[in-house]
Structures are given as structure tokens and as C-alpha cells.
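The opening residue of the sequence shown carries number 17 in the numbering used here; numbering runs sequentially from there.
A virtual CB, placed ideally from N, CA and C, is assigned to each residue, including glycine.
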Amino acid sequence: MMKNFINIKNVIVFCIGVVIWSCNAPKIVFKEAKNTIPEQFTSNTLDSNSIAQIGWRDYFEDNYLNALIDSALVNNQELNIVLQEIEISKNEVLEKKGEYLPFVDLGLSGGTDKVSRFTRDGAVERNLDIVEGKEFPEPLNDFQLGLSASWEVDIWRKLRNTKDAAQLRYLAQTEGRNFLVTQLVSEIAESYYELMALDNLLEIINRNVTIQTEAYEKVKQLKEYAKSNQLVVNRFKAQLLNTQNQQYAIKQKIVETENKIHFLTGTYPRQLNRNSNSFMKLKIDSLQAGIPSQLLENRPDIRQAELQMGAAKLDVKSAKANFYPKLDIKAGLGYQAFDPSYLFKPESLLFNAAGDVMAPLVNRAAIKAKFKMASAMQIQTVYAYEQTLLQAYTDVLNQLAKLDNYTQSVDTKSKEVKVLEESVDIANSLFQFAKADYVEVLLTQEEALDAEMELIETKLKQIHGKVQLYRALGGGWN
Numbered sequence: 017m018m019k020n021f022i023n024i025k026n027v028i029v030f031c032i033g034v035v036i037w038s039c040n041a042p043k044i045v046f047k048e049a050k051n052t053i054p055e056q057f058t059s060n061t062l063d064s065n066s067i068a069q070i071g072w073r074d075y076f077e078d079n080y081l082n083a084l085i086d087s088a089l090v091n092n093q094e095l096n097i098v099l100q101e102i103e104i105s106k107n108e109v110l111e112k113k114g115e116y117l118p119f120v121d122l123g124l125s126g127g128t129d130k131v132s133r134f135t136r137d138g139a140v141e142r143n144l145d146i147v148e149g150k151e152f153p154e155p156l157n158d159f160q161l162g163l164s165a166s167w168e169v170d171i172w173r174k175l176r177n178t179k180d181a182a183q184l185r186y187l188a189q190t191e192g193r194n195f196l197v198t199q200l201v202s203e204i205a206e207s208y209y210e211l212m213a214l215d216n217l218l219e220i221i222n223r224n225v226t227i228q229t230e231a232y233e234k235v236k237q238l239k240e241y242a243k244s245n246q247l248v249v250n251r252f253k254a255q256l257l258n259t260q261n262q263q264y265a266i267k268q269k270i271v272e273t274e275n276k277i278h279f280l281t282g283t284y285p286r287q288l289n290r291n292s293n294s295f296m297k298l299k300i301d302s303l304q305a306g307i308p309s310q311l312l313e314n315r316p317d318i319r320q321a322e323l324q325m326g327a328a329k330l331d332v333k334s335a336k337a338n339f340y341p342k343l344d345i346k347a348g349l350g351y352q353a354f355d356p357s358y359l360f361k362p363e364s365l366l367f368n369a370a371g372d373v374m375a376p377l378v379n380r381a382a383i384k385a386k387f388k389m390a391s392a393m394q395i396q397t398v399y400a401y402e403q404t405l406l407q408a409y410t411d412v413l414n415q416l417a418k419l420d421n422y423t424q425s426v427d428t429k430s431k432e433v434k435v436l437e438e439s440v441d442i443a444n445s446l447f448q449f450a451k452a453d454y455v456e457v458l459l460t461q462e463e464a465l466d467a468e469m470e471l472i473e474t475k476l477k478q479i480h481g482k483v484q485l486y487r488a489l490g491g492g493w494n
């Protein structure tokens, strides 16, 4: 009785010592994120409706563009690589879940052993019978069949926190995939509209080549009637050649842009259909930005950063659990005999059970380092989240301003082009009647060409602003 009391006393003393030792674990201090965000983007954006809630098919309303996006969502290699990374993360969650469940193995083994007679084991076997009148066989066989189990009891939730952190990272990767989709949809749309703009630039140059060719022919006729000279003819010819030369640079850009779209859609070069004639007619309807707080739900990169913050917190808790004692339970149940005929007899039954409680004693420096690393990474994810939130808000402001400014620029530039087109006709008429210098004609034609090309480029920036605002608000992934 006294002996049992002493054993219980020793166990209690040991447990108290372990608890006191574990109290030396550092305290967790989480850094919390500041997710305060302005109530509105501008003084004019009070409506909670957002274009981010519109599907990309309805937003772009272009069958050719939508077909390209459909192809990219299936064939884009980068997107497919990310999908496989998500599958890997999904299986990591299952792996972590299995770590805090008991491990049970079923085993079957067999062997044989021949010991020397002139050893202790050999002498004992020589003088002992298995049953009366039956000696130990020589060599001695051994057959075993049974179950073995091991289980690390997750007292401090270390293993479950690790599993939950892996699950949050899996969800974060899913959001990362959604963010990649928004980038992909936006990039294809921008390249598609750029291709339409290049087609229009090429058309403008071809039209100007025709106009300048007619002017060049008229100048040559005027020379024949002694109303002009070779200098004028050469200047008109040089301008025509310069305009013709611009075709090749634009044709090269068209090839590169087409191939970029092919790469994004995961297809080899083929004919890309587009309705370039409608480029200048594309309208920028009233684009509703909603309110900034909607970015928390619409932007996948913000949700991804938020999930990574949650995973980092669980990593810190798991790292702290390493300071506490670990309880391992092991057990076995089965049959063992030297002869298969005895294997399933009651006398061949064996079992064992053991429990180990271990607390870190010497290598606490490494555990502290791991804890500090996890804490630093938790702080890092908070800063990354705040940076992502600020970047998202800034993106929207930039694109709203871009749309407003380039919309006004398109209107202004359109008026300029109209005036210069009239000026070209006037200059040509005046030149024919010797009331204008040929330099005025050349400069007017050059200014008109430059203005038309700038109008196309400005229109492209306006349309890109529409696409980029859609992306900035978190549209395109759903």
C-alpha cells in the first residue's frame, strides 16, 4: 500500500514539474491587421453596385473575345500549373489530418534462429522442454501475426493546428487561382483590343498612302506643266515613302500581338477573328465602382492574403506547442509461436501497451528559434495583407481617373482630327491654285496622320482603362 502511494506521489511530482517547466514557453503576441479603408473612392461614387459583380461574358459582349477567354481558361499552361498546385495542397491537408489520428499496422513475419549449444541461450534450450517430452526444435523458427498501433495524442492541438493551417493555405491557393484568372481575362482583353487598334492604325496608314499617292501624282503633273519643280516632287515622294514604311512596324506588332494571344490561350498560331471596324464605336458606359469595402469580398488577392494571415497564426500556435510535453501511446496485439500449428492457440496470444511523456529539455534553443520564425512570418503576412488592400484601393482610383481623363481626351482629339482632315482638303485645293506653299500641304498631311494615329492610341488607353477597372474591382474570376 505504501509503495503504491509513493508511485502516485512520484507521478504527481513529475506532472507538476512538467507544468512548471512548460510555463517557461514564450507568450504569443499576434499582430493584428489594419483593414480600415475609406468609405468611398471619390465623392461621386456612392452607389453600392459594382461592375465586379458582372460576369466577363456580359461585360465584354464580344463573341470573338469571349471565345479566346474560354480557350485560355482551358488551355493556359500557367493556370493549369496552378490547378495542380492546388491539388497538391489538397492532398497535403489530408496528409496533415492523418498525422493526428492513430497509426495502425497489420504485420506478418517469419524467421528462423540457430544458436550455439555452448552459449547461455543454447544451454537453456537444451535443458528445457516446450511441453513434456518435447524439446525445442533446432533451428528455432518464429512466426508472428498481429496489429501494432501508435498515436501521438494531440493534447495541445499542435497537429490539428498544422492541419488547419494547411487547409487555409489550400483555400489561399484557390483564391490565388481566382486572382490569376482575373489577370488572364484582363490580359487577353487588353491584347485583343490592342490588336483591333493596330488594325485601325494600319487602315489609317493605308488610307493616307492613297491620299499621298494622289497628291504625289498631282505634283508630278504640275511639274510637267512647269507649275512645280523636282524639289517639290521629291518632298512629296519622301513623305509617301515614310508613310508606307510605317506599315511594316505595325504589321510586325500585329504578328507579335496575335502570337501573344495564342500563347495566353495555349494554342498554336492560327487566324484570329475580330471585328476591328467597331473599335472606334466601342462605348464606355457608366462604370459603377461600388464602395471600397466590397474589395474585401471581390478581390481574390485580398482574400488570399487574409487566409495566409490565418494560417500564419496557426503556425505560431503549433510552434508554441513544441515547448509542451508530448504524449505517445503505443500498443500491439497478435500471436507468436515457433510452429504455425500453435500460432492461434490462446497460449500464443501476446499484447503490449506503453505510454511516453516527453518534454523538451536540452534543445529548447531550436524550438525558440522556430517559434520566433513563425512569429516573424505572422507579422510579415499582416504587412502583406495591408499592402494588398492599399494596392487594390489605389488601383481602383488610378483606373477611375484614367477612364475620366482619356474619355475627355478622346473627345478633344476627335475634334482635332476633324479640323485637320478639313485642313488637308483646303491645303490641297490652295496648292493646286498656287495659293499655298507645298510645305504647308506636307505639314498639314503629316499633322493629320499623326492626329489620327494618336486618336487610335488614346481610344485604346480609354478601353484599357475599362478593362483594368474591371480587374481592379475584382471582376472576371466568377
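- Does DSSP classify A242 as helix, strand or coil? Residue mapping note: residue 242 aligns to position 226 of the sequence shown, counting from 1. A242 falls in the coil class under three-state DSSP.
- Quick one: complete beta strand (DSSP E) runs, 3+ long, within the stretch 142-211? 145-147, 156-169
- How about the stretch 337-345 and the stretch 160-168: do they share at least three Cβ pairs that are nearer than 8 angstroms? yes
- Message: Would P376 and N338 qualify as a contact pair, given that the criterion is a beta-carbon distance under 8 angstroms?
- Response: Taking the first residue of the sequence shown as 1, we reach residue 376 at position 360. Taking the first residue of the sequence shown as 1, we reach residue 338 at position 322. Yes, they are a contact pair.
- Message: Do A385 and V332 count as a contact pair if the criterion is CB distance below 8 angstroms?
- Response: Looking up residue 332 in the sequence shown gives position 316. Looking up residue 385 in the sequence shown gives position 369. No; because the gap between Cβ atoms is not below 8 angstroms, this pair is not in contact.
- For D121, which beta-bridge partners are listed by DSSP? Position 105 of the sequence shown, counted from the start, is the residue given in the question as residue 121. Answer is S164.
- For F1, which residues does DSSP report across the bridge? The question about residue 1 has no answer here: the residues shown for the chain are numbered 17 through 494.
- Item | Beta-carbon spacing of L218, L288 below 8 angstroms | Translated into the one-based positions of the sequence shown, residue 218 becomes position 202. Translated into the one-based positions of the sequence shown, residue 288 becomes position 272. No.
- Query: Cα separation between L365 and F387?
  - Reply: Working through the sequence shown from its first residue, we reach residue 365 at position 349. Working through the sequence shown from its first residue, we reach residue 387 at position 371. Whole-angstrom Cα-Cα distance: 46 angstroms.
- Query: Taking just the CA atoms, how far does L323 sit from F21?
  - Reply: Within the sequence shown, the letter at position 5 stands for residue 21. Within the sequence shown, the letter at position 307 stands for residue 323. For F21, the predicted model reports a pLDDT of 49, less than 50, meaning its position is unreliable and no value from the coordinates is stated.
- Query: Alpha carbon to alpha carbon, what distance is there between K431 and K253?
  - Reply: In the sequence shown, residue 253 corresponds to position 237, counting from 1. In the sequence shown, residue 431 corresponds to position 415, counting from 1. Cα to Cα, K253 sits roughly 29 angstroms from K431.
- Query: Around the C-beta of M325, are 16 or more other C-beta atoms found within 10 angstroms, so that it is buried, or is it exposed?
  - Reply: To locate residue 325, count along the sequence shown from 1; it is residue 309. M325 should be labelled buried.
- Going by DSSP, name the residue or residues bridged to S66. The sequence position of residue 66 within the sequence shown is 50, counting from 1. According to DSSP, S66 bridges with A305.
- Have a look at Q424 and Q394 and give me their C-alpha separation to the nearest angstrom. Position 408 of the sequence shown, counted from the first residue, corresponds to residue 424. Position 378 of the sequence shown, counted from the first residue, corresponds to residue 394. Straight-line Cα distance between these residues: approximately 46 angstroms.
- Task: Sort out for me which residues DSSP pairs D344 with in a bridge.
- Result: Against the sequence shown, residue 344 aligns to sequence position 328. Per the DSSP secondary-structure output, D344 pairs in a beta bridge with E168, D372.
- Exposure label - T281; buried when at least 16 CB within 10 Å: By one-based count along the sequence shown, residue 281 stands at place 265. When all chains shown are included, T281 counts as buried.
- Compare the Cα-Cα distances from Y209 to each of Q478, G490, G492 and report the closest residue. Against the sequence shown, residue 209 aligns to sequence position 193. Of the candidates Q478, G490, G492, the one whose C-alpha sits nearest the C-alpha of Y209 is Q478.
- Message: Comparing C-alpha positions only, which one of S294, A205, A182 sits nearest to N505?
- Response: With the chain represented from 17 up to 494, any question about residue 505 goes unanswered, as that position is not in the structure.
- Query: How many angstroms separate the CA atom of E470 from the CA atom of S105?
  - Reply: By one-based count along the sequence shown, residue 470 stands at place 454. By one-based count along the sequence shown, residue 105 stands at place 89. One C-alpha to the other measures close to 49 angstroms.
- Given a threshold of 16 other Cβ atoms within 10 Å of its Cβ, counted over all protein chains shown, does K429 qualify as buried or as exposed? For the purposes of this step, residue 429 is identified with residue 413 of the sequence shown, where counting begins at 1. So K429 counts as buried.
- Task: Compute the distance between the beta-carbons of A467 and V440, then report whether it is under 8 angstroms.
- Result: The residue given as residue 467 occupies position 451 in the sequence shown. The residue given as residue 440 occupies position 424 in the sequence shown. No, the pair does not count as a contact, with Cβ atoms beyond the cut-off.
- Local conformation of G138 per DSSP, three classes: For this step, residue 138 is matched to residue 122 along the sequence shown. Helix.
- Measuring CA to CA, which of I53, N92, L489 is closest to Y284? The sequence position of residue 284 within the sequence shown is 268, counting from 1. Per the Cα distances, N92.
- Nearest candidate by alpha-carbon position, reference Q320, set E203, L187, T226, Q228: In the sequence shown, counting from the first residue as 1, residue 320 sits at position 304. Among E203, L187, T226, Q228, the Cα nearest to that of Q320 is on L187.
- Locate the alpha helix (DSSP H) running through W72, then write down its first and last residues. The count along the sequence shown starts at 1 and reaches residue 72 at position 56. Segment 72-76, the alpha helix (DSSP H) holding W72.
- Item | Per-residue DSSP class, three states only, for T281 | Along the sequence shown, read from residue 1 onward, the residue named residue 281 stands at position 265. DSSP places T281 in helix when its eight states are reduced to three.
- Thinking just about the alpha-carbon of each residue, which of K130, F76, T397, N143 is nearest to the one in R487? The residue you call residue 487 lines up with position 471 of the sequence shown. When each option's Cα is compared against that of R487, the closest is F76.
- Query: alpha helix (DSSP H) containing L288: first to last residue?
  - Reply: Here the question's residue 288 lines up with position 272 in the sequence shown. Where L288 is concerned, there is no enclosing alpha helix (DSSP H), given that its DSSP letter is neither H nor E.
- Could you have a look at D331 and say whether DSSP puts it in helix, strand or coil? Reading the sequence shown from its first residue, position 315 is the one you call residue 331. DSSP places D331 in helix when its eight states are reduced to three.
- Query: For the ligand MG, any of its heavy atoms closer than 7 angstroms to the Cβ of R142?
  - Reply: By its list of ligands, the structure shown contains no ligand whatsoever, and the ligand MG lies outside what it can speak to.
- Query: Which one or two residues does DSSP pair with T52 in a beta bridge?
  - Reply: Against the sequence shown, residue 52 aligns to sequence position 36. Answer is none; T52 lacks a bridge partner.
- Query: What residue does the alpha helix (DSSP H) around Y80 start on, and which one ends it?
  - Reply: Translated into positions along the sequence shown, residue 80 becomes position 64. 79-91 is the extent of the alpha helix (DSSP H) around Y80.
- Query: What separation, rounded to the nearest whole angstrom, lies between the Cα atoms of N222 and L89?
  - Reply: Position 206 of the sequence shown, counting from 1, holds the residue named residue 222. Position 73 of the sequence shown, counting from 1, holds the residue named residue 89. Going from the Cα of N222 to the Cα of L89 covers about 36 angstroms.
- Task: With distances taken Cα to Cα, identify the nearest neighbour of K43 among L257, A335, Y232.
- Result: On the sequence shown, position 27 is the one that residue 43 refers to. Nearest C-alpha to K43: A335.
- Query: Which residue from F447, R136, E154, V197 puts its Cα closest to that of D317?
  - Reply: Taking the first residue of the sequence shown as position 1, residue 317 is located at position 301. Measuring C-alpha to C-alpha distances from D317 to each of F447, R136, E154, V197 identifies V197 as the nearest.
- Following the continuous alpha helix (DSSP H) through N314, name the residue where it begins and the one where it ends. Looking up residue 314 in the sequence shown gives position 298. Looking at the DSSP string, the run of the alpha helix (DSSP H) that includes N314 is 311-314.
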